[in-house]
Each structure stands twice: as structure tokens, then as C-alpha cells.
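S.K.:
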Amino acid sequence: MNNKEQEENEFIDFSQFFELARKNWKWIVFSILFCLVIAFCFIKINAPSYSISAKILIKDDESNRMENFFSQMTATSFISKSDMETEDNIDIITSRSLLENMVRDLKLYISYRDTKPFISKSLYKDCPITLTCESSLPDTVKYSIRTVVSENNGKAKIEIYDERDNLCDTQENLVFPCTISSRFGELTYNLNSTLPESYEYEIMIHNISSIALDYQKALDVNVINKGSHIIMLKLKDIIPQRGIDVINKVIELYNADDIIYKSIKHKSMLEFTESRLNILENELSDVESNVEQYKKANNITDIDSQAELLISTSGEYEKQLLEIETQLGLVSFVEDYLKDEKQNHNLIPANLGISDKALVDQIIKYNETALLRQRTLQFSNMENPVLKQYETELENGKEAILKSISNIKASIEISRRSIKRKYDEYLSEIKGIPTKEKEYMEIKRLQQIKETLYVFLLQKREESAISLSITAPISRTIDKAASSLRPVSYSKKMILSIAFLLGLGIPLCIFALMVYFNDKIENRAELEKKLSKDIPFIGEICEYPSKEGDDRIVINSNNVIAEMFRIVRTNLSFMLVNNKKVILLTSTISGEGKTFNALNIAASFSLLDKKVALVGLDVRNPKVGTYLNISNKMGVTNYITDNTISEQDIIKESNVSPNLHIITSGTIPPNPSELLLSDRLAQLFDYLRKEYDYIFVDSAPIGVVTDTLLIQKYADLVVYVCKQNYSEKSYITYINKLNEEKKVDHLCVLLNGTSARKSGYGYSYGYHHKSKK
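This note's numbering runs 1047 ahead of the 1-based position in the sequence shown.
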């Protein structure tokens, strides 16, 4: 039984819950309407956000494909160079400088808002008024500047507020277009379309950097799949067209920035190759003239066939010397280029064919810094500390490159000497070859070196010229910027649905909490549900709305409560068989209505032409005599303590029925428990059993004192009275415990204080109708 009760107490009594909801349906309707009104106001005040997205493909640079291929083949990192370049492109797209240019181009540093009551909303291109300010103002202003344009007697009124939102200027009776000279410079207001009759617009000038920072946080740029070159750009905006323009402009500026970078790189490469070609043309012309003059002077036409074997052997060393001389010439060219003051801080070509990777990396790093300096120089002046930092880095990089070139030249010189020594050894063996032919070969070798360098630079010049003329954007748009058809932040249906559910759920949750935390017995169903199955429920008595001085005996009236007592009487009659006649009424605490029920049940039985005795044994708090206006001076306690008092001395007639006799509790004793253990009490019950058909005992509350446990042995039936919305639910557990432990025999339960209209009696309408008549 304990497990069952524990399980039941953990759940809400749904019958009580639905009954409470039915009683308070008006509050539920009010809550729903209130939440719907709040939701409607929220929809009017807060505009929904839409999702704007676009997809672009980052194209691979042709010049870097082979380098990327070999880098991936030899990489030891799990992150490929291609993935790293994609991440770099994402950083460029979300860079502050690019977003600041976007804000400047779209003029997003000026915001417009219609501030008429109940229709306040943000505007973009649909505002009939546009504001133009000095170009330097958005860069210098720290906080937003607010202006309010409103209608005033058919003319325009403009109020200007400073960065602390203090009114600093007011202009009235204006006609558009108009220009106002303010502390923030000249502000020009133009009219794009017809103004409504009544209007009020809030136009604000913001700091470009702060707006760019906001977009930097709002713009979501990610690769759609790992290893992919497709980038997704996402943005949420309450104005879809503005979000579309922002993403399109970001893509446009990103491509334009890359084109500028490539143009600078190819232009620098072209200038370098042109200067080197001019030098080589002169050198090659001199060498060719020397070859021609040497042949004419020495009559040399071809190498003697006798030296073919030695020449072929020495050819390999000559080839090595040629490669070394080429590398030496390349690094010398770079060294001369760096030492040339005209080329100070310009880009150095990194793909000339220099084999030393460390030197190439230094040149690439130098070029990156030089490019950053050139980009910064476009939007700044020479006093910019960032430019000075870049120049310092360039000077340090230049020194490092020159030092590396010096080391490389020394290393090449050592290798050249070693190969030259072996090469000379083979030449000395060619004894059959004239000295003139040897000199010719040296001149010819020098010519080949110059020709190789010249052809190489011609190729690089053509590549740079082609790249400069057909520079393509780095990205290709796959999906143009488009807005979602439905809001992503919220929809009207969703908000109204949530409001309806909240309006319904809040009162229901309150009702559920009220039921959950309510520790009072709510109705008959709850009582019967939690009572032990072997404890009978004999009925319920509705609440009796009596006032002070009213008759406590209601059994003689023709109403619902009288009929309820008759039903209880019938149920008790079925239980009182085999000469059972003593019924004891008790409760857990005082105030549950045991005395009231004892009086009326006893009166109900007396109407059956049966002799009924009502004994008041609540000796600590006697009420039977008080209800019937009978003196309590002579009663049970007097009978027990005084052997000279007989049973007839304490029995009193009632004014309810001639068949109903009353025995009051008597004088309140100092030791009630000891008195109730007296043999005189047993003698009294023996007498009453002989003289009366039914004996009803109004006992003390069993949950407060032990008096009832002492006298319940005289009873054939114990009626335990509980009161609706007064008795605690824990009392039911106490009743079950008394029954399980056999402390009280023949136990049954009566529920007092119920509602007449909810007691389930179909004839209640008839009684109410009759009483009205």
C-alpha cells in the first residue's frame, strides 16, 4: 500500500486539474488573448530577418598549380596548401578593410528609419529622403549622429542631435532639397520621391569602422565541404535587398582587390624583365661581334674532327659550368636589382628559375610585405606608422636577401672552380686543337650563356604581358546572392502559434502547480482513489452555509444536504447488521465536521421511529450540548466520577425528535484519558445497548488525542469524517495506517463539505427549484 501511495503522490491528479481548468476557463481565455496581443505588438515592432546567401568558386592560379602539386606530394602536414589558400581567401573576404570599402560604396554608414507611431521600420532604398554628408565625417565620427526629419505645417523640420544624443540644432520651414551647415559640416537632404502628408524619418550617420565590424560579425563565410574550393557567404538582414547588395558588393570588391594585386605583381615582373633584356641585348650583341671578329681574324669555321672525343667528354663539364654560370647570373641580376635605388621597395620576381629555395622564400616574403605597403599607400600617406613598419621590414628583408646572395655566390664560385679545374684538365689534353680554337670555344660558351638568359627573360616577359592583359577575377559566382522567401528569425504564424500556446500553457501550468502543491483533499474521487480497498466509503455531505445562530439540524429540511444524510443513513443501515448499533464518529483534527454529522445522522435515524442516543465523548472540547442549546453540567464525566449518578440522570431529551436522546460529555475533567478507561463507561454502553436501537458517539479527533483509540472498542462501526478542501491528503495515509495496523476496527469514511452542484446528485435541481418556490 505504501508503494502505491508513493507512486500516486508523484503524479498530478488529472481529475482535479481538469476541474480547476474548467472552473477558471475565463482566465485561460484572458491569458490567450493577452499573449496574442503581446505577439501582435511584437510583430509590429520587430521586423523578421531573412537569410541571404551566395556561392563562389575560388579558381586556382595557373602559375601556382605546378607548385601546389609538388607541395602536396611532399607535404608532411595534414592540411594541404590548397586548403590553406582557401582559408586565406576567407580571411580576405571578411577583412575589415574590404568590408569598410563595401560600407563606403553602398553608403551603409547612413541609415534610414520611418518612426511614425505603431509603424516604425527600417528603410533602405525606399526612403523618400536621402542624406549626403562630407566624405570625411563617417571616418572621423566616434558615435552615431542622429537627425530627425518631420512634417511641420506643410514644411520640413530637421532636428540634429550630437554624438551624445543632445539636441544641438533645429531648422524649420525647409523645402527639399536643402543644405544645412552644422557643427558636423554640411548636410544635404534630397527628395527621391513624393512625401506622405504626415511623416517622420530618423536618419543616422554612423562610423564606418563600427558598421564594418558589425558586418564582420554578421557575415558567415565557410567552405561548403572539406577540400572544396566553393565558398558559401551567408548574411541575415531584416531588409532582403540590402543583404543581397552587401554580399554582391563583397564579392565584387574581393575580385577587384585580387585583380589589383595580380596587376601589380605582373607589372613589376614586366618592368624587371624589360630592364634585364635591355642589358642582355647589349651584352649579347658585344659577344656576337667578338665571335664574328675572332672567326675572321683566325679563319675558324669548325672544330677539328680529331678532338670530337675529348670535346664530348668535356661537354658534360661544360654543361655543368653553363648551369652554374646561369645561376650565378640570375642571383647577380637580383643583387643588382636590389642595389638599384630606382627599384627601392618594388617587387622582386620570385620565379626566375633560381634553384636555391631559401632565397626564393625570402624573395616571396619580401614581395608580400612590398605588396602590403603598396596597398596601404593607396589609402594613406607616408606618415602612416604602418607604412614605416613595412619599410623597416623591407629593409631588413633586403639585407637578408643580399646576405643570402653573397653566400650563394660564394658557394657557386667554389663549385665553379672545381668543375672548371676538371674542365681545364680535359682541354689541356686536346693537344691537337689549336690555341685559337680554345679561345673560340670560350667566347662561344659566353655567347651561349647570354643567349640562354636572353631567351629565358623573353619568355618571362611574354608571360607577364599576357597575364597583365588578361587578368581574370579569382572567383566565379556559382549562385548569385538571393534571399530566402520566408523569414528565418521568426514568422507571423510561428509567433502567433507560440503566443497561443503560451497563453494556454501558462494558466495550465499554474493550475498544474496548484494541484501538485495542494495538500488538501479536493473531491470524493481523490479520496476513494487513495483509500485502502477494504475501507468502505459511505457517502458525502455537501457544505452547509450556516450562520451564527442557525439551526445545526438540517435533516428535517427538504434539500440536497438532507437527502445526502438519508443516503448515508441507508449505507450505514446495510452495515449495521447482527444487532450492531454503536456508531462512533471521529476525525483527524478539529473542524472537519464530525459533531455536525453525528447530530444529523443520529437525527436521521430517529426519524425511522427508532430510539437513538447521541453520546458526546469529546470530553476535551464538547460541542453537542452547544449545538442543541443543552447544558453540559451533567454528562458522561459526571456519571463516571460519581457512582450516585444513574444513567437516567444524564440522559436528556432533544427538541429535534422525541426518539432522539442526548448525553452530553459533562464537566471537562483534568484527566480525560484516565476517565475513559473507567468501568463505569463500559457499564453506560451496556445500558445504552439494552435501551436504544442506535447509539451514536461524538468522539475526540483521533489525530490529536488518544481518547478515540481508548473507546473505539465499544463501537460496532467507526465513521471517519474528512472535509473537502480542509483535510490534508496525508490524513488518508493515516486512515489507511490505522486500518492496516488494526488500531481501529470496522472503519468507514465520510466526506464532508463538498459542493452541492458537483456531488453528482441528479435531483439537486429539483430541490433548488422547489426551495425557490
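Glycine included, C-beta positions come from ideal geometry on N, C-alpha and C. Note that the coordinates shown come from a computational prediction; the quantities given were computed from them, not determined experimentally.
1) Among the candidates Ala1203, Ala1528 and Asp1186, whose CA atom is the shortest distance from the CA of Thr1194?
2) With distances taken between CB atoms, is the gap from Leu1632 to Ala1645 smaller than 7 Å?
3) Which one of Ser1197, Val1796 and Pro1243 has the shortest CA to CA distance from Glu1573?
4) Is Asp1745 buried or exposed, if buried means 16 or more other CB atoms sit within 10 Å of its CB?
5) What does a CB cutoff of less than 7 Å around Asn1272 pick up in its chain, not counting 5 residues either side in sequence?
6) Between the Cα of Asp1581 and the Cα atoms of Leu1785, Gly1232, Leu1280 and Leu1369, which residue gives the shortest distance?
7) Looking at Ile1742: is its Cβ nearer than 7 Å to the Cβ of Val1629?
8) Measure the alpha-carbon distance for Gln1063 versus Leu1623 and round it to whole angstroms.
9) Just the C-alpha distance for Asp1138 and Leu1327, rounded to the nearest angstrom, thanks.
10) Specify the secondary structure class of Glu1066 as computed by DSSP and reduced to three states.
11) Check whether the Cβ atoms of Ile1709 and Ile1677 lie closer than 7 Å to each other.
12) Out of Lys1657, Phe1584, Leu1664 and Leu1399, which has the shortest C-alpha to C-alpha gap to Val1768?
13) According to DSSP, Leu1661 sits in a beta bridge with which residue or residues?
14) Taking Cys1082 as part of the alpha helix (DSSP H), name the residues at either end of that continuous run.
15) Closest to Glu1339 by CA distance: which of Arg1727, Met1488 and Leu1441 is it?
16) Could you check the C-alpha separation between Asn1213 and Ser1229 for me, to the nearest Å?
17) What do you reckon, are the CB atoms on Thr1553 and Ile1090 nearer than 7 Å?
18) Thinking C-alpha only, which one of Gln1263, Leu1238, Ile1600 and His1392 is nearest Lys1312?
19) Taking the C-alpha atoms as reference points, what is the distance between Ser1361 and Glu1498?
20) Please check the pair Leu1441 and Arg1420, which I expect to be a contact at CB under 8 Å, by giving their CB distance rounded to whole angstroms.
21) So the candidates are Tyr1190, Ile1298, Leu1300 and Glu1247; which of them puts its Cα closest to the Cα of Leu1170?
22) How many Å lie between Met1279 and Ala1303 at the Cα?
23) Do Leu1178 and Tyr1236 have their C-beta atoms within less than 7 Å of each other?
24) Provide the residue span of the alpha helix (DSSP H) that contains Met1611, from first to last.
25) Count the other CB atoms, across all protein chains shown, that sit within 10 Å of the CB of Asp1186; report buried if there are 16 or more and exposed otherwise.
26) Between the alpha carbons of Leu1385 and Gln1409, how many angstroms are there, rounded?
27) Cα separation between Glu1233 and Asn1239?
28) Report yes if the CB atom of Ile1079 is closer than 7 Å to the CB atom of Leu1548, and no otherwise.
29) Is it right to say Ile1140 is buried, meaning 16 or more other beta carbons lie within 10 angstroms of its own, or is it exposed?
30) What residues match up with Phe1584 in a beta bridge as DSSP calls it?
31) Beta-carbon within less than 6 Å of Ile1126's beta-carbon, same chain only, minus the 5 sequence neighbours each way: which residues are those?
32) Identify, in the order they occur along the chain, each residue of the same chain with its Cβ nearer than 7 Å to the Cβ of Leu1504, setting aside the five sequence neighbours on each side.
33) Decide yes or no for the touch test of the region 1279–1299 against the region 1093–1101: beta carbon pairs closer than 8 Å, at least 3 of them.
34) Would you mind stating whether Arg1143 and Ala1259 have Cβ atoms separated by less than 7 Å?
35) Out of Thr1714, Val1683 and Tyr1739, state which residue places its alpha-carbon closest to the alpha-carbon of Leu1728.
36) Tell me the DSSP secondary structure of Phe1061 in three-state form.
M.R.: In terms of the structure at hand:
1) That would be Ala1203, whose Cα lies nearest to the Cα of Thr1194.
2) Taking 7 Å as the cut-off, the beta carbon of Leu1632 is found closer than this to the beta carbon of Ala1645.
3) When each option's Cα is compared against that of Glu1573, the closest is Val1796.
4) Answer is buried; the Cβ neighbour count reaches 16.
5) In the same chain as Asn1272, and ignoring 5 residues on each side of it, no C-beta atom comes closer than 7 Å to its own.
6) Nearest in C-alpha terms to Asp1581, of all of Leu1785, Gly1232, Leu1280 and Leu1369, is Leu1785.
7) Inclusion of Ile1742 and Val1629 in the CB contact set at 7 Å is warranted, their separation being smaller than that value.
8) If I take the Cα positions, the gap works out to 34 Å.
9) Here the C-alpha atom of Asp1138 lies approximately 42 Å from the C-alpha atom of Leu1327.
10) Correct three-state label for Glu1066: helix.
11) Yes, they are a contact pair.
12) Measuring from the Cα of Val1768, the nearest candidate turns out to be Phe1584.
13) Bridge partners of Leu1661: Ile1709 and Phe1743.
14) For Cys1082, the uninterrupted alpha helix (DSSP H) run begins and ends at Trp1072 to Ile1092, by DSSP.
15) Among Arg1727, Met1488 and Leu1441, the Cα nearest to that of Glu1339 belongs to Met1488.
16) Near 14 Å, if we compare the C-alpha coordinates of Ser1229 and Asn1213.
17) Correcting the residue identity first, residue 1553 is Ile in this sequence and not Thr. Cβ distance not < 7 Å, so Ile1553 and Ile1090 don't count as in contact.
18) The alpha carbon of Lys1312 has as its nearest neighbour, out of Gln1263, Leu1238, Ile1600 and His1392, the alpha carbon of His1392.
19) If you draw a straight line from the Cα of Ser1361 to the Cα of Glu1498, it is about 21 Å long.
20) About 7 Å separates the beta carbon of Leu1441 from that of Arg1420, a gap short enough to meet the 8 Å contact definition.
21) It is Glu1247.
22) Approximately 19 Å between the Cα atoms of the pair.
23) Contact check for Leu1178 against Tyr1236 passes: the beta carbons are separated by less than 7 Å.
24) Its alpha helix (DSSP H) spans residues Val1607 to Met1622.
25) With fewer than 16 other Cβ atoms within 10 Å, it is exposed.
26) If I take the Cα positions, the gap works out to 13 Å.
27) Going from the Cα of Glu1233 to the Cα of Asn1239 covers about 19 Å.
28) The answer is no: Cβ separation not under 7 Å.
29) With 16 or more Cβ atoms within 10 Å of its Cβ, Ile1140 is classed as buried.
30) Bridge partners of Phe1584 according to DSSP: Val1796.
31) Legend: pLDDT at Ile1126 = 45, less than 50; position of this residue unreliable, value from coordinates given subsequently. Non-local beta-carbon contacts of Ile1126 in its own chain, meaning distances under 6 Å to residues more than five positions away in sequence, are absent.
32) For Leu1504, where only same-chain residues beyond five positions count, the Cβ hits under 7 Å are Thr1320, Arg1323, Leu1324 and Leu1327.
33) Under the 8 Å Cβ criterion, the region 1279–1299 counts as touching the region 1093–1101, having at least three qualifying pairs.
34) In this structure, Ala1259 lies closer than 7 Å to Arg1143 by Cβ.
35) Between Leu1728 and the set Thr1714, Val1683 and Tyr1739, the nearest pair of CA atoms involves Val1683.
36) If DSSP states are grouped into helix, strand and coil, Phe1061 belongs with the helices.
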